[in-house]
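According to full-length UniProt numbering, the sequence shown holds residues 1 to 510 in order. Note that the Cβ used here is the ideal one computed from N, Cα and C, for glycine as well.
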Amino acid sequence: MRDAYASWHALRILAPVVGLMMSGCVAVGPDYVIPDAKMEQSWLGTLDTQERSRSCSLLWWESFGDPVLVDLVKHARENSPTLESAAVRIAQAAAQLAGSASTEYLQSGKLSAGGKQIHHTKIGPFPEGTQQSAFGQGTASWEIDFWGKYRRQIEADRANVHATEAAYDDALVSLTGQVASTYIDLRVSEARLSIARQNTELQRSEAAIASAQHQLGETSELAAAQAATLLAQTESQIPPLERMRAQDRDQLALLIGTTPTEIDGIVKATGVVPVPPHAIDAGIPRDLLRRRPDVRQAAFDAAQQSALIGVTKAQLYPSFSLSGIFDVSSGYSHATDPFALGSAGFSVLAGTLTLPVFNRGQLTSQVRVQDAQFESAVLNYRNVVLQAQQEVEDGLAGFSSTSDALRPLQRAVLTATRALELATRQYSAGEVAYQSVLDSQRSLSQDKDSLAQGQGALAQAAVSLYRALGGGWERTVDDIPISEEIRTSMSARTSWGGLLDKTHEAALAR
């Protein structure tokens, strides 16, 4: 039995020792380098230096100066099921990495033990007695990582963890942008609804006056009919705007993970359309490589595929593995007779050399498949970079043009207001027909509605630009993507160790 324990102890010591010796061995397959991508040196639509804001704020939604928007973003980040799902995928990837790391030394092993007891009655010359015995067995197997198969797998799984983190950050950017965009739509709907209701009250009063004057013979039936027609047209605008407002409210509730009833308590009373900063600094194009989560995710996806080439290519080469078996048993009898037992044990330490001969063609095809997937991932990375640049250029152009278009709308409201004052005064003096007043009212109503939509378009353009720049995903090391409720639920079902805590660094360090 002593020899068995000695052999088993030798195997335990031998595995890490040989592992250290193999650490200098080659890892087949390419060593990943971030692919080159075409980048502009500067943005075509960059604002003049004196017009730039200080920086692209990390918490860009705060730059609108709307506390309700800030509160909505906070609720969404804490309660969104979509965001929680992305966070759980980080834990899943970290668990996969921890599993790969655990195979670096021993790929398989198990222990088993048992015992038995036999009672003998007195038969002839054999005395009565009890015989007891116990045994234990252990097996272990370790493949020496000559060609880096397991190291490349760990590399691939580590890249996958980083990719899922980037995917979470991208979901964070997308969610924040959707919340801001929907909230702006809500405020625009409210502003247009308020304008329509105010115009309705004014026109209802004007229509009543025109009708009374017609009854008294002070104005024509045509003027009264025209006033009633304008009132009906304005009233018809209210139900669609109410429906739009309700749809925006329901969409906000979905985004922040609550009900439409509860969202009214967060949005509170009718507010104004959020006003973005006058200018947004887009930085330089190369900032996108660091700032946009989808660009980082594409880079890590390519890194994972690069490592998987090494995993499959290592299977083309011979592999050498060590395996060990030890077995011990002992027993005794309460009777001093021929049934008295002692102890025994044996151990086996063996090496196995495996050569891929008959399935080499299949393995070669698998390498080619992985190589093609890697090339596809590289091309996807380059395309994502180009698309990111396009979105920023479009965002800069959209923000600039929308800002330019807003100023004429503001002037139009001022001039339409003045035109209505003049038309009303001239009509009272009998200088113009009532149609002039109605036309001026209609023009002012349309201009106010267009201005509300223009203000919303400018705010939306700012949100689109911030999203294109990739702002809003930054998290500190103390941030815990998975909520306490989800962590508690998952931990109650399965032992997760530290993988659900603040970060996955414990898994990455293995």
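Query - Pick from 58, 32, 41, 26 that is closest to residue 463, judged by C-alpha positions - result: Minimum Cα distance to residue 463 is reached at 58.
Query - Of the residues 304, 171, 320, the one placed nearest residue 142, counting alpha carbons only - result: Out of 304, 171, 320, 320 has the C-alpha closest to the C-alpha of residue 142.
Requested in this report: Can you give me the Cβ contacts of residue 474 inside the same chain, cut-off strictly under 7 Å, excluding the 5 residues immediately before and after it?
Outcome: If we look at residue 474 and ignore the five residues flanking it on each side, its Cβ neighbours are 58.
Query raised in the report: Taking the C-alpha atoms as reference points, what is the distance between residue 20 and residue 153?
Result: Since pLDDT at residue 20 reaches only 49, below the 50 mark, its modelled position is unreliable, and no value is offered.
Requested in this report: Would you identify the three-state DSSP class for residue 27, choosing helix, strand or coil?
Outcome: In this structure, DSSP gives residue 27 a state outside helix and strand, which the three-state scheme calls coil.
Report task. Given a cut-off of 8 Å, decide if residue 157 and residue 151 are closer than it, judged by their beta-carbon atoms. Result -> Result no, Cβ atoms of residue 151 and residue 157 do not sit closer than 8 Å.
**Report entry** Minimum C-alpha distance to residue 307 - residue among 189, 155, 388, 84
**Finding:** It is 155 whose Cα lies nearest to the Cα of residue 307.
Query raised in the report: Count the other CB atoms within 10 Å of the CB of residue 102; is the residue buried (16 or more) or exposed (fewer)?
Result: Flag for residue 102 reads exposed.
**Report entry** residue 143 - DSSP class collapsed to helix/strand/coil
**Finding:** Here residue 143 sits in strand by DSSP.
Requested in this report: Indicate whether the contact test is met: 3 or more Cβ pairs, each with one atom in the region 84-99 and one in the region 271-287, closer than 8 Å.
Outcome: No contact exists between the region 84-99 and the region 271-287.
Report task. Mark residue 440 as exposed unless 16 or more other C-beta atoms lie within 10 angstroms of its C-beta, in which case mark it buried. Result -> Result: buried.
Query raised in the report: What is the DSSP secondary structure of residue 63, counted as helix, strand or coil?
Result: Taken through DSSP and simplified to helix, strand or coil, residue 63 comes out as helix.
**Report entry** Stretch pair the region 377-395 + the region 295-313: three plus CB contacts closer than 8 Å
**Finding:** Counting Cβ pairs under 8 Å, three or more are found: they touch.
Query raised in the report: Applying the criterion that 16 or more other CB atoms from any shown protein chain within 10 Å of the CB defines a buried residue, is residue 494 buried or exposed?
Result: By the neighbour-count criterion, in which 16 or more other beta carbons inside 10 Å mark a residue as buried, residue 494 falls on the exposed side.
Requested in this report: Output the residue ranges of the alpha helix (DSSP H) runs that lie fully inside the region 252-309 and measure 4 residues or longer, sorted by chain position.
Outcome: Taken in chain order, the complete alpha helix (DSSP H) segments of 4 or more residues contained in the region 252-309 are 260-267, 287-291.
Requested in this report: Grab the span of the alpha helix (DSSP H) containing residue 386 for me, first residue to last.
Outcome: Note, residue 386: alpha helix (DSSP H), 360-428.
Query raised in the report: If residue 227 sits next to residue 206, beta carbons under 8 Å apart, how far is it from one beta carbon to the other, in whole angstroms?
Result: Taking 8 Å as the upper bound for CB-CB distance, residue 227 and residue 206 are in contact here, some 5 Å apart.
Query raised in the report: Does DSSP classify residue 556 as helix, strand or coil?
Result: There is no way to answer for residue 556, as the model of the chain reaches only from 1 to 510.
Requested in this report: Would you mind working out which of 397, 196, 365, 300 sits nearest residue 380, comparing C-alpha positions?
Outcome: Measuring from the Cα of residue 380, the nearest candidate turns out to be 300.
Query raised in the report: Exposed or buried, which one is residue 51 when buried takes at least 16 other CB atoms within 10 Å?
Result: Note that residue 51 scores a pLDDT of 42, beneath 50, so its modelled location is shaky and nothing firm can be said.
Query raised in the report: What is the DSSP secondary structure of residue 42, counted as helix, strand or coil?
Result: Note: residue 42 maps to coil in three-state DSSP.
Query - Residue of 316, 178, 73 minimising C-alpha distance to residue 468 - result: Of the residues 316, 178, 73, the one whose Cα lies closest to the Cα of residue 468 is 178.
Query raised in the report: Where do the N-terminal and C-terminal ends of the alpha helix (DSSP H) with residue 36 fall, by residue?
Result: Bounds of any alpha helix (DSSP H) do not take in residue 36, whose DSSP letter is neither H nor E.
Query - Own chain partners of residue 251 with C-beta closer than 7 Å, once the 5 adjacent residues on each side are dropped - result: Hits under 7 Å: 182.
Query raised in the report: Which residue or residues does DSSP assign as beta-bridge partners of residue 353?
Result: Its beta-bridge partners are 320.
Report task. Please work out which residues of its chain come closer than 6 Å, Cβ to Cβ, to residue 491, disregarding the five sequence neighbours upstream and downstream, and give them in chain order. Result -> Take residue 491, set aside five residues on each side of it, and no residue of its chain has a beta-carbon closer than 6 Å to its own.
Query raised in the report: From residue 485 to residue 79, what does the alpha carbon distance come to, in whole angstroms?
Result: Cα-Cα distance, rounded: 10 Å.
Report task. Return the residue from the list 471, 420, 481 that minimises the CA-CA distance to residue 173. Result -> The residue among 471, 420, 481 with its C-alpha nearest the C-alpha of residue 173 is 471.
Query - For residue 482, three-class secondary structure by DSSP - result: In the structure shown, residue 482 sits in coil (DSSP, three-state: anything other than H, G, I, E or B).
Query raised in the report: Under a Cβ-count criterion, where at least 16 other Cβ atoms within 10 Å of its own Cβ denotes burial, should residue 511 be classed as buried or exposed?
Result: Any property of residue 511 remains undetermined from this structure, which presents the chain solely from 1 to 510.
Requested in this report: Pull up the distance between the alpha-carbon of residue 36 and that of residue 414, whole angstroms please.
Outcome: Cα atoms of residue 36 and residue 414: separation of roughly 53 Å, rounded to the nearest angstrom.
**Report entry** Cα-Cα separation between residue 370 and residue 355, rounded to whole angstroms
**Finding:** Looking at the two C-alpha atoms, the distance is approximately 21 Å.
Report task. Mind the definition here: the region 185-195 touches the region 443-453 only if three or more C-beta pairs lie below 8 Å; say whether that holds. Result -> Three or more Cβ pairs drawn from the region 185-195 and the region 443-453 lie within less than 8 Å of each other, which places the two stretches in contact.
Requested in this report: Could you pull out every residue in the same chain whose Cβ sits closer than 8 Å to the Cβ of residue 186, ignoring the five residues on either side in sequence?
Outcome: 245, 248, 249, 252, 267.
**Report entry** Closest by C-alpha distance to residue 204, when choosing among 376, 189, 26, 229
**Finding:** Checking every option, the nearest Cα to that of residue 204 belongs to 229.
Requested in this report: For the alpha helix (DSSP H) holding residue 431, just list the boundary residues, first then last.
Outcome: Run containing residue 431: none; DSSP gives neither H nor E here.
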